[in-house]
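Just so you know, the protein sequences line up as chains A and B, in that order. Quick note on our numbering: the first sequence kicks off at 495 and runs consecutively. Quick note on our numbering: the second sequence kicks off at 495 and runs consecutively. Every residue gets a Cβ at the ideal spot worked out from N, C-alpha and C, and that includes glycine. Each remark here refers to the structure printed beneath this line.
Number of protein chains: 2
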Amino acid sequence: MDLTFDGDHVLGGTEARERFYDSRGYGSPRDGGVALAPVEAAHLCFRGDIASVDDSRPGGADTLDFEALLGSAAVSEVDFFVYKELRDRGFYLSPVRPDPEQTTDDDNLVEFVVYPRGKGPWDDEIAYRVAAVSERATVDAAMLRDLAREAQRGADDTHTATDNPTAVLAVVDEESEVTYLEVDEPTITGSTYHEFPAVTARLLSDRVLVPDPPESLHERAFYGQRLDRDDDPVQLSLVEAASLAGDDLLTLDGAVSGDGDQQIRDRGRAVEGDRFDRRLRVYSALRTAGVVPKTGFKFGADFRTYADVESVDNLGHSEFLVRVLPGDHTFVPRDLSLDVRLAHGVRKRMVFALTDEDDITWLSLERLTP
Amino acid sequence: MDLTFDGDHVLGGTEARERFYDSRGYGSPRDGGVALAPVEAAHLCFRGDIASVDDSRPGGADTLDFEALLGSAAVSEVDFFVYKELRDRGFYLSPVRPDPEQTTDDDNLVEFVVYPRGKGPWDDEIAYRVAAVSERATVDAAMLRDLAREAQRGADDTHTATDNPTAVLAVVDEESEVTYLEVDEPTITGSTYHEFPAVTARLLSDRVLVPDPPESLHERAFYGQRLDRDDDPVQLSLVEAASLAGDDLLTLDGAVSGDGDQQIRDRGRAVEGDRFDRRLRVYSALRTAGVVPKTGFKFGADFRTYADVESVDNLGHSEFLVRVLPGDHTFVPRDLSLDVRLAHGVRKRMVFALTDEDDITWLSLERLTP
């Protein structure tokens, strides 16, 4: 069977089309024959379905077998391992290049369109859109956001899925194992809104003390902690205090009106730098959404969140772990793996709050087994 | 009862000594009376045992009550919350300053000497040496190492414990909760030594392929992974391949003798930078100790380790998660919390391999409930 690599695709005739495309979903039809992506040809070589392909590139080798294809620039190891892993799981899939007009990503990241089990490129459904990266790659927050949004648009040029496909980041580690992370834009909403009178407080070096708090400040709205017993002062974190002061619900003892707000923010910046402003923005956005953020320190995160707090005596399980990051943050896959694994272990969902000057993008990542 | 703050200690007479030191382990005897550290006086004020102390400092306030003490520079909030938390757990404890000759730390970090329950400063045993830090502090690797070593020396000037006390890092988060992390220098040793003939391999862009491996390379010594089935080539990570090449157990196809070693290291540095050399040093040290390191990617770590591998079909549980860091690394407590929590959730012990030019310091951290 003649299969020729032209530097872009591996091209075959009618027989190759029937054997590889029609019956097993490799490549796409072209001129009655088939055009295979190099990673698809490498997989056919790996399986022993073809021994090698002819290399028609100027100055190319005569033939390319599996090892030569995998060792060549035409096939990235990362793409091969993801392609193989998904085939091993019983999926048909096609490599595509993301539409450059729809993404901010310009480094020609390959994505895979993965069809539901039992379906193929000739059908109309997509189960997953998978971006494949090495554990040594860096992953821009914007890339993850684009991946999630592109999946939500659902369709691509040739497939008009009824259900939106799932956006997936597939990370190939140094031992070639693949970890799949589902990327989504979560809806963050709760019902925690409790009224209480404004309080007077005292600023300490890294927290704020409310000597005489109304009961609902802590017991219902879940701000701060009692120093010890039920009738003790409530201590607030700086971010809690700054959020309350911004809503005119807290004034500092001895500060002129409005000045307390500024003093708390100044203290926050002194102990935490720019991070304080980002965390305050995210904290306030969560409160506005009716969600209570509490410290996520024990989980290595910024916040854990409670959606529907009626009373602190009956809190229920916290749902999200939130990590606050600048909007232009670049992730290292290992850190994503760490966060997602930990969140899973404590039955929470990992959410990244990507904070720009006037906007927060929420992205959730979860381990996925396709 | 007269209690006077002189800027350094709160001093009281015989009655105060009897009430606070003799019966409850606060302070230390001085001239028949008692000298309390400010944090101890703040705790007595907080409990209501004393209402306030006189301020004898030039230009000081007349009296200092609990809020004034906590708001003053004499008492750090971090120290107070750790002191209170350990008292709440039923311990007597004394603040000390680490011996500057024994540590590289010169920023006057306060440590607490914590006595076993039922014992006090007049006894001869120490249960814990606790360094208290804020979640916003940075923690030098050297500080953690010194803390572990000082605890292992066991004694201090006045206590000659028979058992070594446990070294503890106590982190106070922004909501004033305390997380205790036990710091130790673990013994890392295993029994995995299997012989096999040297192999010939092919360098790909981010891994190495061994087309015709002896069975014990993977199945017993647990290097690499089979590409797929039992008789397939073995793929090695770059760090595995570099370690084998350094031990003359791997040569690259077509490379002159010794040159393959260099080629693999060069490739490792190209894809990973300086980190590659550190990871290779740690990888090789673990192998020398009879321990098998495999990727820790799914746990967000560098390696997970197996101490006693007879056969990959019967691996047993991996014991450690290893994170490789430069010797002068500065930790953020939140990251420590994340790593330790994750390791605990997967029943492993978190180990940091602090890598200097010619030396590796191993530190393990584990969550502790005193």
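For a test of the three-state rule: what should DSSP assign to VAL803/B, helix, strand or coil? Numbered from its first residue, the second sequence carries residue 803/B at position 309. Reduced to three states, the DSSP call for VAL803/B is coil.
- Take GLY794/B as the anchor and find which of ASP807/B, ARG817/B and VAL803/B has the nearest alpha-carbon. In the second sequence, residue 794/B corresponds to position 300, counting from 1. It is ARG817/B whose Cα lies nearest to the Cα of GLY794/B.
Practice prompt. Below 6 Å CB to CB, which residues in the same chain sit around SER628/A once its five sequence neighbours on both sides are set aside?
Written response: Within the first sequence, residue 628/A is the residue found at index 134, counting from 1. Contacts found: VAL572 and VAL666.
Worksheet item: Between the region 774-787 of chain B and the region 681-688 of chain B, do three or more beta carbon pairs fall short of 8 Å?
Response: Flag = yes, the region 774-787 of chain B and the region 681-688 of chain B touch.
Check your understanding: Taking all protein chains shown into account, do 16 or more other C-beta atoms lie within 10 angstroms of the C-beta of VAL639/B, making it buried, or fewer, making it exposed?
Key -> Stepping through the second sequence from its first residue, residue 639/B is reached at position 145. Checking the sequence shown, residue 639/B turns out to be Arg, not Val. So ARG639/B ends up on the buried side.
Report task. Assign VAL569/A to one of two classes, buried (16 or more other C-beta atoms within 10 Å of its C-beta) or exposed (fewer than that). Result -> Along the first sequence, read from residue 1 onward, the residue named residue 569/A stands at position 75. Its Cβ being crowded by 16 or more others within 10 Å, VAL569/A is buried.
Inset, instruction - Please list the partners that LYS792/B has in chain A, where partner means a Cβ-to-Cβ separation under 7 Å. - result: Numbered from its first residue, the second sequence carries residue 792/B at position 298. Neighbours of LYS792/B on chain A, chain order: THR673, SER831 and ARG835.
At the level of alpha carbons, what is the spacing between ARG524/B and PHE770/A? In the second sequence, the residue the question calls residue 524/B occupies position 30. In the first sequence, the residue the question calls residue 770/A occupies position 276. Answer to the nearest angstrom: the Cα atoms are 45 Å apart.
- Task: State the Cα-Cα distance for the pair THR799/B and GLY740/B, rounded to the nearest angstrom.
- Result: Taking the second sequence and counting its residues from 1, the one referred to as residue 799/B is at position 305. Taking the second sequence and counting its residues from 1, the one referred to as residue 740/B is at position 246. Their Cα atoms are separated by approximately 20 Å.
### Query
How about PHE540/B: is its C-beta nearer than 9 Å to some C-beta of chain A?
Locating residue 540/B in the second sequence gives position 46, counting from the first residue. Yes - at least one Cβ of chain A is within 9 Å of the one on PHE540/B.
Check: Do the CB positions of THR632/B and PHE825/B come within less than 9 Å of each other?
Finding: Start at 1 with the first residue of the second sequence, and residue 632/B comes out as number 138. Start at 1 with the first residue of the second sequence, and residue 825/B comes out as number 331. Against a cut-off of 9 Å, the Cβ pair of PHE825/B and THR632/B comes out as a contact.
Under a CB-based cut-off of 9 Å, is THR849/B close to chain A? Here residue 849/B refers to the residue found at position 355 when the second sequence is read from its first residue. It does not: the Cβ of THR849/B has no partner Cβ on chain A nearer than 9 Å.
- Item | Same chain, Cβ closer than 6 Å to MET844/A, five either side skipped, listed in chain order | Against the first sequence, residue 844/A aligns to sequence position 350. Within the same chain, MET844/A has close Cβ partners LEU815, ASP833, VAL834, ALA837 and LEU859.
- [ ] Return the bridge partner residues of ILE854/A from the DSSP annotation.
- [x] Working through the first sequence from its first residue, we reach residue 854/A at position 360. Beta-bridge pairing links ILE854/A to THR849/A.
key: Proximity below 9 Å, CB of VAL547/B to CB of LEU564/B   = On the second sequence, position 53 is the one that residue 547/B refers to. On the second sequence, position 70 is the one that residue 564/B refers to. No, the Cβ-Cβ distance between VAL547/B and LEU564/B is not below 9 Å.
ask   = Shorter than 9 Å from the beta carbon of ASP599/A to some beta carbon of chain B?
value = In the first sequence, counting from the first residue as 1, residue 599/A sits at position 105. For ASP599/A, the predicted model reports a pLDDT of 48, less than 50, meaning its position is unreliable and no value from the coordinates is stated.
Notebook entry, point to check: How about ALA661/A and GLN646/A: are their beta carbons less than 9 Å apart?
Noted result: For the purposes of this step, residue 661/A is identified with residue 167 of the first sequence, where counting begins at 1. For the purposes of this step, residue 646/A is identified with residue 152 of the first sequence, where counting begins at 1. It is a contact, given that the beta carbons lie within the stated cut-off.
Quiz item: Are the Cβ atoms of GLU713/A and SER805/A separated by less than 9 Å?
Solution: Taking the first residue of the first sequence as 1, we reach residue 713/A at position 219. Taking the first residue of the first sequence as 1, we reach residue 805/A at position 311. Cβ atoms of GLU713/A and SER805/A: closer than 9 Å.
Closest to VAL576/B by C-alpha separation, out of GLU534/B, LEU558/B, SER778/B and THR789/B, would be which residue?
Residue numbering aside, residue 576/B sits at position 82 when the second sequence is read from its first letter. Closest by alpha carbon: GLU534/B.
Contact set for GLY519/A: own chain, Cβ-Cβ below 7 Å, skip 5 residues either direction | Position 25 of the first sequence, counted from the start, is the residue given in the question as residue 519/A. Cβ within range, chain order: TYR586, GLY614 and PRO615.
For GLN729/B, the residue or residues it bridges with in DSSP: For this step, residue 729/B is matched to residue 235 along the second sequence. Beta-bridge analysis with DSSP links GLN729/B to LEU703/B and GLN719/B.
CB contact check: GLN729/A to chain B, cutoff 9 Å: Against the first sequence, residue 729/A aligns to sequence position 235. Interface residue, yes.
Any C-beta of chain A sitting closer than 9 Å to the C-beta of SER858/B?
Residue numbering aside, residue 858/B sits at position 364 when the second sequence is read from its first letter. No, because no Cβ of chain A sits closer than 9 Å to the Cβ of SER858/B.
With LEU848/B and THR855/B assumed to form a contact (beta carbons below 8 Å), what rounded beta-carbon distance in angstroms separates them?
-> As a first step, residue 848/B is located in the second sequence; it is residue number 354 there, counting from the start. As a first step, residue 855/B is located in the second sequence; it is residue number 361 there, counting from the start. That pair is a contact at about 4 Å.
**Asked** Can you list, in chain order, the residues of the region 622-633 of chain B whose Cβ is nearer than 7 Å to any Cβ on chain A?
**Response** SER628, GLU629 and ARG630
Notebook entry, point to check: So what does MET844/A bridge to, in DSSP terms?
Noted result: Looking up residue 844/A in the first sequence gives position 350. DSSP, once it has assigned bridges, lists LEU815/A and LEU859/A as partnering MET844/A.
Take ARG761/A and list the residues in its own chain whose beta-carbon comes closer than 7 Å to its own, dropping the five residues that flank it on each side.
In the first sequence, counting from the first residue as 1, residue 761/A sits at position 267. Once the five neighbours on either side are set aside, the close Cβ partners of ARG761/A are LEU697 and LEU732.
Could you check the C-alpha separation between GLY482/A and TYR777/A for me, to the nearest Å? Given that chain A is displayed from residue 495 to residue 864, the structure contains no residue 482/A and the question cannot be resolved.
TODO: Give the straight-line distance between the Cα atoms of ARG828/A and PHE791/B, rounded to the nearest whole angstrom.
DONE: Your numbering for residue 828/A matches position 334 in the first sequence. Your numbering for residue 791/B matches position 297 in the second sequence. Straight-line Cα distance between these residues: approximately 6 Å.
Once the 5 residues before and after ARG773/B are set aside, which same chain residues still bring their CB inside 7 Å of it? Taking the second sequence and counting its residues from 1, the one referred to as residue 773/B is at position 279. Taken in chain order, the residues that qualify are VAL733, ASP796 and VAL818.
Q) Run through DSSP, which three-state label would VAL447/A get? A) A question about residue 447/A goes unanswered here, because the residues of chain A that appear run from 495 up to 864.
Requested in this report: Starting from VAL576/B, follow the beta strand (DSSP E) in both directions and report where the run begins and ends.
Outcome: Along the second sequence, one-based indexing puts residue 576/B at 82. That residue, VAL576/B, is in no beta strand (DSSP E); its alpha helix (DSSP H) goes 571-582.
- Message: Among the candidates LEU721/A, ASP852/A and GLU766/A, whose CA atom is the shortest distance from the CA of ALA779/A?
- Response: By one-based count along the first sequence, residue 779/A stands at place 285. When only C-alpha atoms are compared, the closest one is ASP852/A.
Item checked: Integer Cβ distance of ALA635/B from GLY821/B, believed to fall under 8 Å -> Locating residue 635/B in the second sequence gives position 141, counting from the first residue. Locating residue 821/B in the second sequence gives position 327, counting from the first residue. About 6 Å; that satisfies the 8 Å criterion.
### Task
Flag ALA795/A as yes if its beta-carbon sits less than 9 Å from any beta-carbon of chain B, otherwise no.
In the first sequence, counting from the first residue as 1, residue 795/A sits at position 301. Yes, its Cβ sits closer than 9 Å to a Cβ of chain B.
Measure the alpha-carbon distance for SER670/B versus GLY752/A and round it to whole angstroms. As a first step, residue 670/B must be located in the second sequence, where it is residue number 176. As a first step, residue 752/A must be located in the first sequence, where it is residue number 258. Those two C-alpha atoms are separated by around 26 Å.
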